[in-house]
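2 protein chains.
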Amino acid sequence: MNEDYVARSAQLALLLEVSAYPKPGNVDRTHDFIDTRYEHFLASSVALYPVLREAAARGRSNGLGVGELIRRGVEESVAWQSGGNTHFGALLLFVPLAMAAGACKSYDMEEIKRRATELMLNTSMADAIEVYTAFPRAKVKVRRDVPELDVMDEASIHEIRERKLSFYAILTISASYDLISRELVGGFAKTFEYAALIKDFAKEARVNETITHAYLRLLSEEEDTFIKMKFGPEKSRYVKERAQWIVNRGYQRKEMEEFDGELIREGLNPGSTADIIAAALFITILGGLRV
Amino acid sequence: MNEDYVARSAQLALLLEVSAYPKPGNVDRTHDFIDTRYEHFLASSVALYPVLREAAARGRSNGLGVGELIRRGVEESVAWQSGGNTHFGALLLFVPLAMAAGACKSYDMEEIKRRATELMLNTSMADAIEVYTAFPRAKVKVRRDVPELDVMDEASIHEIRERKLSFYAILTISASYDLISRELVGGFAKTFEYAALIKDFAKEARVNETITHAYLRLLSEEEDTFIKMKFGPEKSRYVKERAQWIVNRGYQRKEMEEFDGELIREGLNPGSTADIIAAALFITILGGLRV
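These protein sequence lines are chains L and U, in that order. Under the working numbering, the first residue of the first sequence carries the number 325, and numbering increases by one thereafter. Under the working numbering, the first residue of the second sequence carries the number 325, and numbering increases by one thereafter.
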């Protein structure tokens, strides 16, 4: 698929996802975090365009360089805005998906899924080092009581070299507790499941509700990684059950707003869930979803 | 200047301008029109990227094709969203400015201004025909009791050919009553005046307030074309005086919100004012303004 088309679809997905509201706990057009504001996400979405286009173009040639493109995406993002980590999780998903889409002759969800899965399987130690180099620049907040290789410092890069670990190999370690890693080594299962769901929702609802409902549905199915790591499993289970309750009662706007207020007050932001919904939206827009 | 940089600066200006709130009478992140919603502006901003990049690239070579690029921008915009006219006024300003910026070796406000002014002077009959071809596609609402050549139909294109009118010549006719035309034939005076003002405001305020205050200031200085054409001179004078009152009292948020509510209720949308502020913001972002 045309690289400009792929990059614009990715960019529109990022913009529509961050704009959708109420999206319990996350930045949306009506909610800022203290350091990271809505405008930082707009600027970062603009900043990423050339890297997303390059990803699509490179997918067509050989597909090398997943890690390099993620690092360059982080660099572009922080060059255009000072709000810190806006799109690190999204970039991890969007780079292989954009490469896969760029390699397809025409839109074919199954082919994009297969190619993106293969791309991840073929990632190397060089990809791992690029991504680990980008971590401090992305200002990703990581917990300190972490499994091996989860602290993003010089020691980790040294260990990657020592053990000759590929990016894929590292992600298989974190896949046990991290939603994004699970997508990357698990064939992007949730991304494509939710792309189909979004396409379905969009037949009946406007794009804003399509996104907020899909987001809430995923929150009701999977405990969010950010919340589990920052606040523990009890809190992430609670958030999941609260989301289930709202989904079961048919996505009442008032209940979503209350839930949003509660999560915002407690600083509980399900960032990984938002990243996966953005990736799912990207696939649906590639397939022709329009506002 | 690098074409990717120019296109991203333009895109960010469009996104930040439409997002800023409260922006009395216009679409913002908290206000939709009935047919044209906030999301339509997001999608249109994404859609315009390749045309803006092409404009910057072409500015470097010879600067031909202002009209063609405006027409292609309209086509891209309506291919990506179904909300009708989102960026026609903005495109009229952004295309020559992007071409001028692309032709500059480095950022130089005076050089961009000079080059954009020259580009407009050199526009041809072909440019006029391209723009007039784009009008019906852009779904621009025009009044019917208009001066010559302001009805965008086959007859106008015929007349352009008969009288061999350049795009510039036509704009000099409408410059007497149309703010955008006046910018295009008058050396982009307000655009650059407000670029300097925005740069100044941004030293003290966040980007949202920088934009809404600049918008209100322009509204207090110039009667908006859209309002004058749709509701008559009495109404546009009233809007201007109301804006003056708020500016003089120091941009009180509550007063801006009340003014916004009033204009929205009456359907008074100062679209030309918003377009000029977006263009001014583009120049300021080109010069390094960041979120």
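Note that CB positions come from ideal geometry on N, CA and C, so glycine has one too. As the structure is a computational prediction, the values presented were derived from the model and not from experiment.
Within a Cβ cutoff of 7 Å, which residues of the same chain sit near residue i, ignoring the five residues on either side of it in sequence?
| i | result |
| --- | --- |
| S544/U | K564, A567, Q568, V571 |
| V531/U | L340, V615 |
| G408/U | D359, T360, K463 |
| A440/U | P420, L421, A424, F512 |
| I551/U | K559, S560, V563, L592, P594 |
| K437/L | G511, F512, F516 |
Measuring only the C-alpha atoms, how far is residue i from residue j?
| i | j | result |
| --- | --- | --- |
| L336/U | L366/L | 7 Å |
| I494/U | A452/U | 8 Å |
| I481/L | T457/L | 8 Å |
| R506/U | A425/L | 44 Å |
| G510/L | P420/L | 13 Å |
| G349/U | A598/L | 32 Å |
| R487/U | L508/U | 21 Å |
| K523/L | R384/L | 26 Å |
| L393/L | A381/L | 12 Å |
| K573/L | E579/L | Sequence check: residue 573/L is Arg here, not Lys. C-alpha separation (whole angstroms): 9 Å. |
| L587/L | F357/L | 12 Å |
| M449/L | L416/L | 16 Å |
| Q576/L | E528/L | 16 Å |
| Y329/U | D432/U | 14 Å |
| V455/U | L540/U | 29 Å |
| S414/U | R396/U | It is worth fixing the name first, because residue 414/U is Ala in this sequence and not Ser. If you take the alpha carbons of A414/U and R396/U, they lie about 14 Å apart. |
| F583/L | I601/L | 18 Å |
| K514/L | A604/L | 8 Å |
| I484/U | S490/U | 8 Å |
| R468/L | I497/L | The predicted model places R468/L with a pLDDT of 45, which falls under 50 and marks its position as unreliable, so this point remains unresolved. |
| F418/U | V398/U | 12 Å |
| T549/L | S596/L | 6 Å |
Quick one: what does DSSP say residue i is sitting in, helix, strand or coil?
| i | result |
| --- | --- |
| H411/L | coil |
| D599/L | helix |
| D328/L | helix |
| D451/U | helix |
| D352/L | strand |
| N593/U | coil |
| P374/U | helix |
| L388/U | coil |
| Q568/L | helix |
| Y431/L | coil |
| Q576/U | coil |
| A493/L | helix |
| F512/U | coil |
| Y501/L | coil |
| R530/L | coil |
| K488/L | coil |
| K559/U | helix |
| A604/L | helix |
| K347/U | coil |
State yes or no: is the beta carbon of residue i nearer than 8 Å to at least one beta carbon in chain U?
| i | result |
| --- | --- |
| E582/L | no |
| L542/L | no |
| N409/L | no |
| P557/L | no |
| R614/L | yes |
| Y373/L | yes |
| V470/L | At V470/L, the pLDDT of 48 sits below 50, so the modelled position is not reliable and the matter cannot be decided from this model. |
| R467/L | Only weak support is given to the placement of R467/L: the predicted model assigns it a pLDDT of 48, under 50, and the question is left unresolved by the model. |
If I measure Cβ to Cβ from residue i and keep anything under 6 Å in the same chain, skipping five residues before and after, which residues do I get?
| i | result |
| --- | --- |
| H411/U | S368, S401 |
| T354/U | Y345 |
| R377/U | E327, A331 |
| A371/U | E400, S401, W404 |
| T608/L | A519, I522, K523 |
| A499/L | S505, R506, V509 |
With a threshold of 8 Å between beta carbons, is residue i in contact with chain L?
| i | result |
| --- | --- |
| S406/U | yes |
| H364/U | yes |
| V419/U | no |
| R396/U | no |
| V509/U | no |
| V370/U | yes |
| A367/U | yes |
Under 8 Å Cβ to Cβ from residue i, same chain only, skipping five residues before and after it: list those, please.
| i | result |
| --- | --- |
| D352/U | V342, S343, A344, Y345, P346, Y362 |
Anything in the segment 326 to 356 of chain L with a Cβ closer than 7 Å to a Cβ of chain U? List those residues in chain order, please. D328, R332, Q335, L336, L339, L340, S343, R353
Compile a chain-ordered list of the residues in the segment 515 to 541 of chain U whose CB is closer than 9 Å to at least one CB of chain L. R530, V531, N532
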